[in-house]
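Notes follow the structure.
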Amino acid sequence: MNRHLISAADLTRDDALLILDTADELARIADRPIKKLPTLRGRTVVNLFFEDSTRTRISFEAAAKRLSADVINFSAKGSSVAKGESLKDTALTLEAMGADAVVIRHSASGAPHRLAGWVRGSVVNAGDGAHEHPTQALLDAFTIRRRLGGRGAAGTRGAAAARPRAGEGLDGLKVTIVGDILHSRVARSNVLLLSTLGAEVTLVAPPTLFPVEVGGWPCATGYDLDAALPKSDVVMMLRVQRERMNAAYFPSEREYSRRYGLDAERMALLPEHAVVMHPGPMNRGVEIAAEVADGPRSTVVEQVTNGVSVRMAVLYLLLGGQEPAPSAQPAQLAQPAVAATGAGA
Amino acid sequence: MTGWLIMGARPLGGDPADILLRDGAVAEVAPRLDARGAKVVDAGGLVALPGLVDLHAHLREPGREDAETVLTGTRAAALGGFTAVHAMANTDPVADTAGVVEQVWRLGRQAGHCDVQPVGAVTVGLQGTRLAELGAMADSAARVRVFSDDGHCVSDARLMRRALEYVKAFDGVIAQHAQEPRLTEGAQMNEGEVSGRLGLTGWPAVAEESVIARDCLLAAHVGSALHVCHVSTAGSVEIIRQAKSKGWRVTAEVTPHHLLLTDELAEGYDPVYKVNPPLRTRADVAALREGLADGTIDCVATDHAPHPLEDKETEWETAAFGMTGLETGLRVVQHAMVDPGLLDWAQVADRMSVRPAEIGRLAGHGSPLQPGAPANLTLYDPAPREPVDPAGHASKSRNSPFAGMVLPGRVVATFLRGEPTVLDGKLA
């Protein structure tokens with residue numbers, strides 16, 4: 052693995068599977084009465100959030116704390132950034148304070164790339180503009196694997212398999228991602244990661260919400276949601292911002308909802324085993340109906356839970372899992388720890 | 031006796047000759063001349079070109095003296111082989127009155143490294159709503175003939191029509207920065223495969239091409255002269271080619287960076303590659319080279335756009351648009367056009383001196399290296415190959431996209447009206 056996690060394109064299939072397998076092991080800790088490992092004791096993780104995002108920030112914070120890292124939360128509001136401090140100066144300040152990892156959320160695409168040039172620690176992209184959100188893609192892959200592992204082309208096990216086998220990808224699974232592809236960092240990261248893991252991704256959106264040269268992406272594209280649903284193992288609904296209609300991307304919220312929203316009626320077009328995902332926050336009644344969001348095939352809440360495990364795995368692997376106390380280290384972690392030794396280079 | 035004898039240079043890359051400069055003019059050109067008291071420059075192997083003329087540079091003074099001044103900008107120009115530069119109007123205050131253009135013109139005379147010809151704004155404050163006093167700028171000591179709102183497009187069709195018509199009274203030309211504003215709101219880079227992947231707002235080629243098409247039609251309708259700034263797309267070349275084939279008075283320029291660099295350079299999000307118009311695709315670069323070679327594009331103009339470090343050491347979206355270019359322009363043209371056999375040195379002289387002087391209505395520049403012509407010339411050695419090092423540039427700014435790139439050539443000397451501004455690659 053690279054020193055940073057900035058794009059899902061940075062991950063090979065082996066890297067991605069190592070993260071998912073490690074997350075599987077770490078997820079067990081969440082079931083214990085004491086949800087904490089000493090693995091990152093003495094390490095400092097900075098949450099550098101230039102954009103409001105309670106959900107992602109809390110998830111990273113929980114992940115770092117469960118690994119016993121010191122966590123510093125830095126949000127742009129009321130900070131030196133509001134006084135006009137540049138990203139570079141903020142980076143140098145964090146560097147001077149000895150941050151081992153910086154988790155950055157920023158409205159500008161590419162901000163994590165710039166940051167990585169200015170700090171020595173690992174940079175984890177927690178969402179940059181319309182570019183990428185790789186840990187979201189990892190938690191989505193993790194969720195898909197848990198729900199549907201063994202169902203793909205190579206799969207022989209039943210759908211009821213409670214836990215995926217280590218090293219298992221998403222080969223042959225059909226994932227349909229629906230909504231504002233043009234502005235979505237979640238879509239970009241998912242297309243890259245899910246295709247790396249062997250899934251067949253289809254993007255569905257009104258033509259205005261596709262990038263102009265989307266043809267080169269490792270996925271199929273279409274404008275017709277009803278045509279895509281019967282062939283989908285997974286349908287992932289993206290948040291569509293209401294202000295998009297002011298820029299004439301679509302005529303009205305209602306028309307968008309009618310053509311691209313997932314309601315109970317449309318849900319019936321999905322195969323019975325298929326699951327419905329949403330990265331949140333949801334616009335209930337726009338891209339997803341309440342009864343679908345709260346239904347048994349929705350993984351929305353599960354995605355949040357899985358997010359913590361996946362982010363624990365990412366921090367653990369990037370920071371090399373420095374000398375956890377032997378007594379506290381779960382035996383299952385031995386293998387990833389060995390692999391992670393090479394990751395710091 | 032005084033003057034300079036340039037020995038053994040190859041005028042326009044042809045057979046070696048001696049060139050005698052005296053009293054600000056070329057006195058004699060012959061295979062072998064006697065120095066007769068003139069100082070001698072050994073120019074064996076060097077290409078002699080008429081002094082280069084830049085139709086498009088940002089010297090930033092008044093207003094952004096932290097980025098560049100007329101003094102530092104003209105030093106950079108001389109070191110790049112230029113004897114005249116046009117200074118764009120987007121200063122602060124804007125060069126939209128006789129007072130400001132005369133100030134810039136006077137600063138250029140004081141600096142003395144090359145002639146500075148101010149460009150006047152088309153509209154008051156570059157706001158695109160009311161014509162600036164174009165006649166007053168034309169009649170001023172600066173004798174402005176080129177008018178441009180560069181950085182902003184005169185997007186209002188009626189205002190553009192009036193501007194084109196109005197400047198006919200004093201043989202002016204409107205230099206348009208073609209960028210349809212509604213199609214480029216928040217635009218960051220060329221709209222294409224790379225912008226889609228990087229999640230940066232795209233800048234479609236059609237935003238440039240649609241304005242060029244409209245302006246060509248307007249220029250034809252009113253019989254006026256249109257100059258198209260920094261053409262960047264294959265489609266623009268096609269439209270200009272068609273306009274010229276109809277005999278319309280349309281001219282165009284291309285920058286060195288658009289002849290060489292492509293949008294893939296944005297992949298690391300380093301804003302040194304952020305420029306307006308944006309870097310385009312390989313196909314566009316090929317079409318621009320072809321257009322410059324066949325004369326569809328009349329000239330090379332640097333669009334030298336210096337910025338202080340802090341305006342580029344940021345996120346891509348907040349960084350300033352622009353690249354420096356005066357000190358690398360001729361080297362890039364050799365690399366992109368001469369070395370691949372698309373232009374010979376006589377054609378380089380045409381595209382970088384003769385045509386820009388004609389388009390800019392600039393007397394005393396772009397003359398052939400013949401007896402009686404003003405002694406403005408550049409001596410250039412095409413042989414060396416060195417990496418570009420912006421730290422060594424005379425420009426105040428360091429935002430060169432060619433940093434570290436190995437480019438051919440070296441400007442050895444520049445003469446302005448018979449006196450060297452640059453000798454042995456250094457300011458004289």
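Chains E and R supply the protein sequences, listed in that same order. Residue 52 is where the first sequence starts when you use this note's numbering, and the numbers rise one by one after that. Residue 31 is where the second sequence starts when you use this note's numbering, and the numbers rise one by one after that. Even for Gly, the Cβ is constructed at its ideal location relative to N, Cα and C. Quantities reported herein were computed from a predicted structural model and do not represent experimental measurements.
Item, Value
"Contacting positions in the region 295–323 of chain R - beta carbon closer than 7 Å to chain E", "Gly298 and Tyr299"
"For Asn220 (chain R) and Asn176 (chain E), the rounded distance between their alpha carbons", "24 Å"
"Residue closest to Ala193 (chain R), alpha-carbon to alpha-carbon, out of R:Val176, R:Ala125 and R:Gly181", "R:Val176"
"Which residues DSSP lists as bridging Leu437 (chain R), in chain order", "R:Glu416"
"Any chain R beta carbon closer than 9 Å to Ala192 (chain E)", "no"
"Within 9 Å, strictly: CB atoms of Val174 (chain E) and Ala181 (chain E)", "no"
"Beta-carbon gap between Gly150 (chain R) and Met167 (chain R) smaller than 9 Å", "yes"
"Proximity test, Cβ basis, 9 Å: Asp179 (chain E) and chain R", "yes"
"Sequence-distant residues of the same chain with beta carbon closer than 6 Å to Arg348 (chain E), five excluded per side", "Val326 and Val327"
"Rounded separation between Ala141 (chain R) and Val100 (chain R) - CA only", "7 Å"
"Residues of the region 282–297 of chain E whose Cβ lies closer than 7 Å to any Cβ of chain R, in chain order", "none"
"For Glu294 (chain E), three-class secondary structure by DSSP", "helix"
"Collapsed DSSP secondary structure at Gln147 (chain R) in the structure displayed", "strand"
"Euclidean distance between Cα positions of Thr104 (chain R) and Arg171 (chain E)", "40 Å"
"Identity of the residue in E:Pro322, E:Gly161 and E:Pro330 nearest Ser225 (chain R) by Cα", "E:Gly161"
"Contact set between Lys139 (chain E) and chain R, taken where Cβ atoms lie within less than 8 Å", "Glu343 and Thr344"
"For Ala60 (chain E), the three-state DSSP class (helix, strand or coil)", "helix"
"Partners in chain E for Glu221 (chain R), counting only beta-carbon separations shorter than 7 Å", "Val263"
"Arg317 (chain E), enclosing alpha helix (DSSP H) - first and last residue", "Ala315 to Met318"
"Extent of the continuous alpha helix (DSSP H) to which Thr90 (chain E) belongs", "Element bounds for Thr90 (chain E): n/a, residue is neither H nor E."
"Contact list for the region 228–256 of chain E against chain R, Cβ threshold 7 Å", "Arg236 and Arg239"
"Chain R residues whose Cβ lies nearer than 8 Å to that of His55 (chain E)", "What His55 (chain E) touches in chain R: nothing, since even the nearest Cβ is about 13 Å away."
"Sub-9 Å separation of Leu76 (chain R) and Tyr410 (chain R) beta-carbons", "yes"
"Status (buried if at least 16 other CB within 10 Å, exposed otherwise) for Arg361 (chain R)", "buried"
"Cβ distance (whole Å) where Leu280 (chain E) is taken to contact Glu338 (chain E) below 8 Å", "At roughly 14 Å, the Cβ-Cβ gap does not stay under 8 Å, so Leu280 (chain E) and Glu338 (chain E) are not in contact."
"Stretch-stretch touch, CB-based, cutoff 8 Å, three pairs: the region 321–330 of chain R with the region 241–254 of chain R", "no"
"Short CB-CB distance (under 9 Å) between Gly267 (chain E) and chain R", "yes"
"Partners in chain E for Thr5 (chain R), counting only beta-carbon separations shorter than 7 Å", "The question about residue 5 (chain R) has no answer here: the residues shown for chain R are numbered 31 through 458."
"Distance between beta carbons of Leu366 (chain E) and Ala115 (chain E), contact taken as under 8 Å", "6 Å"
"Element boundaries [beta strand (DSSP E), containing His86 (chain R)]", "Leu82 to Ala87"
"Pair within 9 Å by beta-carbon distance, Gly229 (chain R) and His157 (chain E)", "no"
"Endpoints, the beta strand (DSSP E) within which Lys342 (chain R) is located", "Lys342 (chain R) -> no beta strand (DSSP E), and no H or E assigned at all."
"Bridge-paired residues (DSSP) for Met288 (chain E)", "E:Val229"
"C-beta atoms of Gly67 (chain R) and Gly110 (chain R) nearer than 9 Å", "no"
"Spatially closest choice to Ala73 (chain R) from R:Leu457, R:Pro417, R:Val436 and R:Thr408, by CA coordinates", "R:Thr408"
"Own chain partners of Pro398 (chain R) with C-beta closer than 6 Å, once the 5 adjacent residues on each side are dropped", "none"
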